[in-house]
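Structure first, commentary second.
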Ligand code: 26A
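Numbering (my numbering), first residue to last: 33 to 404.
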């Protein structure tokens, strides 16, 4: 699977800089809300399902899709027949909560669209716990979006009805109060699922980052984004300072872009992503590909060597569910970027937060709070 020699680093490197908490007090004193995240706030309706349920709704065991009319009854079925739990979700909102868990209150602001309803209230409550500031576009006509999460073993099938989240618009981003937050932030994180909603908002953040040498991070988020939302994804790629995805999204990207590497050649795909044309030439692009319990692969633009960072495995018995593991990885990783940590520490922080999250129910983080 690996076609070139790759550098290995030791599995666990102890951070040599001040602890996140000490750093944060210094950071918070100088600047509030350095990190701004954008995507689709959703309420997860999560239950342990069955093969039968997956089959009934034409769902794959491990996938993420947009709901079509045939999926509408799924949400009530999960609530009524499968003892579903309501959990704050939305991939980048999970990431924003994770980054805020690490960085503390006053560090992260999140944008997206919700309805004027009790589901939005659940989301507002959940983000308070980690000190995440949300600036939602509240839609008077559409309800808060929902994601049906069907757990079977270590797999999760996600089926999303975006509703109000689908009505996020550039007007909200460009409104004076929100645009002030954009101007103030130094790091932008966009969840790939937003390519289905408002590409102009993503472009606006990318342009702002490139013009001011800020940091723009995009997560591909799902294979269908790389395949069916290729055009808006590609329009944003010159702005990517960091691109994060998992191995199945990397394979989908390789396929839809006819990359001259095998779909299973994760280091080759990482190298291709890192070396796409870039708008801001002041810093090289970095591509980060997670692969579950296999090593995290990192490529840097202009460097032939690709680095692999082994994952610190945990006892399978400790895993609650893996829903949101990738979002948590991104949260820890981006928190490390905001703290100015070296790349290997950022990867380690991502793996650390993912490890904490998979021990919780859904895309959640443990309390009392743990520190990296
Ligand atoms: C547009 N789609 C399909 C989505 C999502 C989504 N977040 C935003 N947009 N589909 C699933 N999710 C979220 O992914 C998390 C797990 O990684 C779910 O809400 C879940 O919390």
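Ideal Cβ placement from N, Cα and C applies to all residues, glycine included.
Is residue 287 buried or exposed, if buried means 16 or more other CB atoms sit within 10 Å of its CB? Locating residue 287 in the chain shown gives position 255, counting from the first residue. The residue is exposed, with fewer than 16 neighbouring Cβ atoms inside 10 Å.
Using the three-state DSSP reduction, which class does residue 399 fall into: helix, strand or coil? Numbered from 1 along the chain shown, position 367 holds the residue referred to as residue 399. In this structure, residue 399 counts as coil in the three-state DSSP scheme.
Proximity below 7 Å, CB of residue 247 to CB of residue 219: Taking the chain shown and counting its residues from 1, one reaches residue 247 at position 215. Taking the chain shown and counting its residues from 1, one reaches residue 219 at position 187. Taking 7 Å as the Cβ cut-off, residue 247 and residue 219 qualify as a contacting pair.
Per-residue burial, residue 402 [other beta carbons within 10 Å of its own, 16 or more giving buried]: Position 370 of the chain shown, counted from the start, is the residue given in the question as residue 402. By the neighbour-count criterion, in which a residue is buried when 16 or more other Cβ atoms sit within 10 angstroms of its Cβ, residue 402 is exposed.
If you compare alpha carbons, which of 362, 385, 298 and 386 is closest to residue 67? Counted from its first residue, the chain shown places residue 67 at position 35. Comparing alpha carbon positions, the residue from 362, 385, 298 and 386 closest to residue 67 is 362.
I'd like to confirm something about residue 319: is its beta-carbon nearer than 6 Å to some heavy atom of ligand 1, or not? Translated into positions along the chain shown, residue 319 becomes position 287. Checking the Cβ of residue 319 against ligand 1 gives no.
How should residue 153 be labelled, buried or exposed, when 16 other C-beta atoms within 10 angstroms of its C-beta is the threshold for buried? Locating residue 153 in the chain shown gives position 121, where the first residue counts as 1. Under this definition residue 153 is an exposed residue.
Please state whether DSSP places residue 167 in a helix, a strand or coil. The residue given as residue 167 occupies position 135 in the chain shown. Residue state, collapsed to three classes: strand.
Answer with buried or exposed for residue 78, where buried requires no fewer than 16 other C-beta atoms within 10 angstroms of its C-beta. For the purposes of this step, residue 78 is taken as the residue at position 46 of the chain shown. By the neighbour-count rule (16 or more Cβ atoms within 10 Å), residue 78 is buried.
Residue from 178, 192 and 135 with nearest C-alpha to residue 164: Here residue 164 refers to the residue found at position 132 of the chain shown. Closest option to residue 164, Cα to Cα, is 135.
In its own chain, which residues sit with a C-beta less than 8 Å from the C-beta of residue 175, not counting the 5 before and 5 after it? Reading the chain shown from its first residue, position 143 is the one you call residue 175. Once the five neighbours on either side are set aside, the close Cβ partners of residue 175 are 147, 149, 151, 195 and 196.
Suppose you measure from the CA of residue 186 to the CA of residue 354; what does that come to, to the nearest Å? Along the chain shown, one-based indexing puts residue 186 at 154. Along the chain shown, one-based indexing puts residue 354 at 322. If you take the alpha carbons of residue 186 and residue 354, they lie about 6 Å apart.
I'd like the ranges of any alpha helix (DSSP H) spanning at least 4 consecutive residues and lying wholly in the region 51-112. Contiguous alpha helix (DSSP H) elements confined to the region 51-112 occur at 52-62 and 83-88, taking only those with 4 or more residues.
Which one or two residues does DSSP pair with residue 162 in a beta bridge? As a position in the chain shown, residue 162 is number 130, starting the count at 1. In DSSP, residue 162 forms no bridge with anything.
Where residue 261 falls: helix, strand or coil (DSSP): Stepping through the chain shown from its first residue, residue 261 is reached at position 229. Residue 261 falls in the coil class under three-state DSSP.
What are the partner residues of residue 321, as DSSP defines its beta bridges? By 1-based counting over the chain shown, the position of residue 321 is 289. Beta-bridge pairing links residue 321 to 277 and 329.
Under 7 Å between C-beta atoms of residue 205 and residue 233: Along the chain shown, one-based indexing puts residue 205 at 173. Along the chain shown, one-based indexing puts residue 233 at 201. The answer is yes: Cβ separation under 7 Å.
Cβ contact (3+ pairs, closer than 8 Å) linking the region 124-132 and the region 158-173: Touching, yes, given that three or more Cβ pairs across the two stretches are closer than 8 Å.
Check whether the Cβ atoms of residue 321 and residue 302 sit closer than 7 Å, and answer yes or no. Numbered from its first residue, the chain shown carries residue 321 at position 289. Numbered from its first residue, the chain shown carries residue 302 at position 270. Taking 7 Å as the cut-off, the Cβ atoms of residue 321 and residue 302 count as close.
Let me confirm a value: residue 104 is counted as buried when at least 16 other C-beta atoms fall within 10 Å, else exposed. Which label applies? Here residue 104 refers to the residue found at position 72 when the chain shown is read from its first residue. Here residue 104 is exposed. Its C-beta has fewer than 16 other C-beta atoms within 10 Å.
DSSP on residue 313, reduced to helix/strand/coil? In the chain shown, the residue the question calls residue 313 occupies position 281. When secondary structure is reduced to three states using DSSP, residue 313 falls in the coil class, being assigned neither helix nor strand.
Check whether residue 391 and residue 352 have beta carbons under 7 Å apart: Against the chain shown, residue 391 aligns to sequence position 359. Against the chain shown, residue 352 aligns to sequence position 320. With contacts defined as CB atoms closer than 7 Å, residue 391 and residue 352 qualify as a contacting pair.
Using 8 Å as the Cβ pair cut-off and three pairs as the minimum, do the region 317-333 and the region 255-274 touch? In short, these stretches touch, since the Cβ pair count reaches three.
For residue 71, I'd like the list of residues in its chain whose CB is within less than 7 Å of its CB, leaving aside the five on either flank, ordered along the chain. Here residue 71 corresponds to residue number 39 of the chain shown, with the count starting at 1. A distance below 7 Å between beta-carbons, with the five flanking residues on each side excluded, links residue 71 to the following residues of its chain, in chain order: 122, 123, 124, 125, 144, 222, 223, 225 and 226.
Which residues mark the beginning and the end of the beta strand (DSSP E) in which residue 119 is found? Stepping through the chain shown from its first residue, residue 119 is reached at position 87. In this chain, the beta strand (DSSP E) harbouring residue 119 covers 117-121.
Just how far apart, CA to CA, sit residue 331 and residue 395? The count along the chain shown starts at 1 and reaches residue 331 at position 299. The count along the chain shown starts at 1 and reaches residue 395 at position 363. Residue 331 and residue 395: Cα-Cα distance of roughly 27 Å.
Among 87, 114 and 139, nearest to residue 371 - alpha-carbon criterion: Start at 1 with the first residue of the chain shown, and residue 371 comes out as number 339. Ranking 87, 114 and 139 by Cα distance to residue 371 puts 139 first.
Quick check on the burial criterion: 16 or more other C-beta atoms within 10 angstroms. Buried or exposed for residue 360? In the chain shown, residue 360 corresponds to position 328, counting from 1. Classification of residue 360: buried, given that the 10 Å Cβ count is 16 or more.
Residue 381 vs residue 404 beta-carbon contact at 7 Å: Translated into the one-based positions of the chain shown, residue 381 becomes position 349. Translated into the one-based positions of the chain shown, residue 404 becomes position 372. Contact flag set, yes.
Tell me the DSSP secondary structure of residue 189 in three-state form. Here residue 189 refers to the residue found at position 157 of the chain shown. The answer is strand: DSSP assigns residue 189 an E or B state.
Excluding the five sequence neighbours on either side, which residues of its own chain have a C-beta within less than 8 Å of the C-beta of residue 65, listed in chain order? Counting from 1 along the chain shown, the entry for residue 65 is found at position 33. Excluding sequence neighbours, residue 65 sits near 138, 139, 140, 141, 165, 213, 216 and 217.
Under a three-way DSSP split, which group does residue 181 fall into? Here residue 181 is taken as the residue at index 149 of the chain shown, counted from 1. Note: residue 181 maps to strand in three-state DSSP.
Quick one: does the C-beta of residue 76 sit closer than 6 Å to a heavy atom of ligand 1? Taking the chain shown and counting its residues from 1, one reaches residue 76 at position 44. Checking every heavy atom of ligand 1 against the Cβ of residue 76, one is found closer than 6 Å.
Assign residue 344 to one of two classes, buried (16 or more other C-beta atoms within 10 Å of its C-beta) or exposed (fewer than that). For the purposes of this step, residue 344 is taken as the residue at position 312 of the chain shown. Note on residue 344: under 16 other CB atoms within 10 angstroms of its CB, so exposed under the neighbour-count rule.
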